[in-house]
Amino acid sequence: MTGDEEANREFGLNKLRFGDIVLLRDCDNTNGRQYLKGSVSIGVVVHSDCIKSGHGPGITVIMSSKSTKIKGIESQDANIACYLGVK
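Start counting the sequence shown at 10; every next residue gets the next number (this note's numbering).
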């Protein structure tokens, strides 16, 4: 997370919740995390923001593609609690 509160609001980072399912653009995780233009990863938020740079929020990746084969949709219900019936 960035220390820039305006950017946090602009990109909705301040609204992330544990269990949220997120799409990471240009983030390839097939053999470790790396920047790769056009790649896509899907992950779940597993820990919150931290005051130390680079330490949050934490995402556990559940699928990744080196191309744009994975398509995302925006949904207020994109949280694993909704799919597990605990919300």
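A virtual CB, placed ideally from N, CA and C, is assigned to each residue, including glycine.
In this text the structure is predicted, and so the values were computed from the model without any measurement.
### Query
If we ignore side chains and look at the alpha-carbon of each, how far apart do N38 and K80 end up?
16 Å
### Message
Just to confirm the assignment, what range does the alpha helix (DSSP H) spanning R18 have?
### Response
E14 to E19
### Distance, V49 Cα to D29 Cα
Cα to Cα, the separation comes out at about 16 Å.
### Task
Report the three-state DSSP secondary structure of L93 (helix, strand or coil).
helix
### Message
Suppose contacts are defined by Cβ-Cβ distances below 8 Å. Is F20 in contact with V54 by that definition?
### Response
no
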